[in-house]
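Below is one structure, written out as structure tokens; comments come after it.
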Amino acid sequence: MENLSDRLNRLSPSATLAMSQRSSELKAQGVDVINLSVGEPDFNTPDHIKEAAKKAIDDNYSKYSPVPGYPALKNAIVAKLKNENGLDYAPSQILCSNGAKQSVCNTIMAIINAGDEVIIPAPYWVSYPQMVKLADGEPVIVEATIEQDFKITPEQLEAAITPKTRALILCSPSNPTGSVYSLEELEALKDVLLRHERVIVIADEIYEHINYVGSHASMASFPDIKDRVVIINGVSKAYAMTGWRIGFIAAPEWIVKGCNKLQGQYTSGPCSVSQKAAEAAYTGSQECVEQMRQAFERRKNLIVRLAKEIPGFEVREPKGAFYLFPKCSFYFGKKDGDRTINNSTDFAMYLLEVGHVATVGGDAFGSPECFRMSYATSDENIIEAMRRIKDTVARLK
Ligand code: PMP
Ligand code: GLU
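FYI, the numbering for the sequence shown is -10 to 386, going by our numbering.
This is the structure in structure tokens:
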């Protein structure tokens, strides 16, 4: 009997990874597809980080590491939090995992009981509601419209909180919108949360360094709520290290201990060689981070300009991350021959199959009127992709 568990049957596959897979399949068939679907830096990992990994292999970092990560990596993260964010954490408050994805999932698994509600502002990163469902929790989606720059207000947060609310997942800079909460905006949300002691904030800061408006603001910087904040971060985006799989949480010790217990039964400590590479990323020169940030900013300016030239798109200028999330609902109900575009998933499939540009429909991000493009690719790819999209949507009548 090929019956998967109810738990898995409730789960949707990752739309970002599915679209990327579809794009790779078409490429393998010889179709010239431009992939703007998956969000990962197109840069190679900087040389000094790769050298540290090679050395780690030669130095025989080939055994199990402690479950929460090597002390040297945790110390490097503690120093990063102090120097870059002005935050004080002890090494016992850090736990490293197989990418920030596992860090988010560990945290949810560690604190959510069946029926607990987790507030997730939409548009959201595709995996959050699925992870909550995996933990038998209830995602409570709070819609942040394009008009409000895709950010929730304190009033919306207050209205969404119930006695069952256990967590809020806040992603800034945001995947998929690129919106960034200012310190003042975070403070206003924090003031609401202070009235609800049971609510933990899962602050996903994985795009911290890809910021076009200046310094990064963290919910953990408010002393009166810090003991309820779990920072999610890692090396994937800032150091172009998506394949190395190192993320971390910085959190109250009781949550770290819980995640440690879970991880100890589930995956053990993350890859030993990757940990040494991540340590080099945090302790080495940070010049590479700024160089990549500047490239992303230039590409952001390029894609925003080109997207604004496409009739029917509503475009908000992103303030961080490397995604553009235009509204495309103007095209819903329109046809190309006998093909009708009914929703954003249809729209993304149409762009892929007819325009040969892979994007992701907004449905998977809880925002069915929009679609997502990752501009972590070359200027040439961006220019060609936007030309193709413009020509393709012009066929829709
Ligand atoms: N959070 C967000 C918002 C992301 O976009 C990603 C990238 N997939 C992650 C977490 C997970 O990152 P990692 O590759 O380190 O698992
Ligand atoms: N963060 C990336 C994205 O959203 C990676 C894919 C994933 O992990 O879902 O496209």
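Glycine included, each C-beta is placed from N, C-alpha and C at the ideal position.
Note that the structure is a prediction, hence the values are computed from the model and not measured.
Between the CA atoms of residue j and residue i - distance to the nearest angstrom
{"i": "ALA148", "j": "ASN332", "result": "29 angstroms"}
{"i": "TYR170", "j": "ASN(-8)", "result": "43 angstroms"}
{"i": "ALA89", "j": "GLY326", "result": "43 angstroms"}
{"i": "ASP138", "j": "ASN370", "result": "27 angstroms"}
{"i": "SER9", "j": "GLN91", "result": "20 angstroms"}
{"i": "LYS122", "j": "ALA353", "result": "15 angstroms"}
{"i": "PRO259", "j": "ILE46", "result": "15 angstroms"}
{"i": "SER26", "j": "LYS323", "result": "23 angstroms"}
{"i": "LEU157", "j": "ILE189", "result": "6 angstroms"}
{"i": "ILE199", "j": "VAL56", "result": "29 angstroms"}
{"i": "VAL218", "j": "LYS226", "result": "21 angstroms"}
Residue i, DSSP secondary structure in three states
{"i": "ILE425", "result": "A query on residue 425 cannot be resolved here, the shown segment of the chain reaching from -10 to 386 and no further."}
{"i": "ARG(-1)", "result": "coil"}
{"i": "VAL27", "result": "coil"}
{"i": "ASN95", "result": "helix"}
{"i": "VAL219", "result": "strand"}
{"i": "ALA388", "result": "Residue 388 lies beyond the stretch modelled for the chain, which goes from -10 to 386, so this question has no answer here."}
{"i": "THR381", "result": "helix"}
{"i": "ASP48", "result": "coil"}
{"i": "THR5", "result": "helix"}
{"i": "MET(-10)", "result": "coil"}
{"i": "VAL188", "result": "coil"}
Sheet register partners of residue i (DSSP bridge)
{"i": "VAL129", "result": "ILE108"}
{"i": "GLU242", "result": "According to DSSP, which records beta bridges pairwise, GLU242 is partnered with nothing at all."}
{"i": "LEU313", "result": "MET362"}
{"i": "GLY236", "result": "SER86, GLY223"}
{"i": "ASN200", "result": "GLY309"}
{"i": "VAL56", "result": "Answer by DSSP bridge pairing: none, since VAL56 is not bridged."}
{"i": "GLU303", "result": "LYS316"}
{"i": "TYR324", "result": "The sequence shown places Lys at residue 324, not Tyr. Its beta-bridge partners are THR329."}
{"i": "VAL346", "result": "ILE23"}
{"i": "CYS160", "result": "ASP193"}
{"i": "THR154", "result": "GLU106"}
Near the ligand PMP: residue i beta-carbon under 7 angstroms from a heavy atom
{"i": "SER161", "result": "no"}
{"i": "LYS90", "result": "yes"}
{"i": "SER1", "result": "no"}
{"i": "ASP193", "result": "yes"}
{"i": "VAL93", "result": "yes"}
{"i": "SER207", "result": "no"}
{"i": "ASN164", "result": "yes"}
{"i": "GLY223", "result": "yes"}
{"i": "TRP243", "result": "no"}
{"i": "GLY236", "result": "yes"}
{"i": "THR348", "result": "no"}
{"i": "THR231", "result": "yes"}
_Contact set, the ligand GLU heavy atom to C-beta under 5 angstroms_ = The set of residues with any CB-heavy atom separation to the ligand GLU below 5 angstroms comprises, in chain order, SER3, THR5, VAL27, GLY28.
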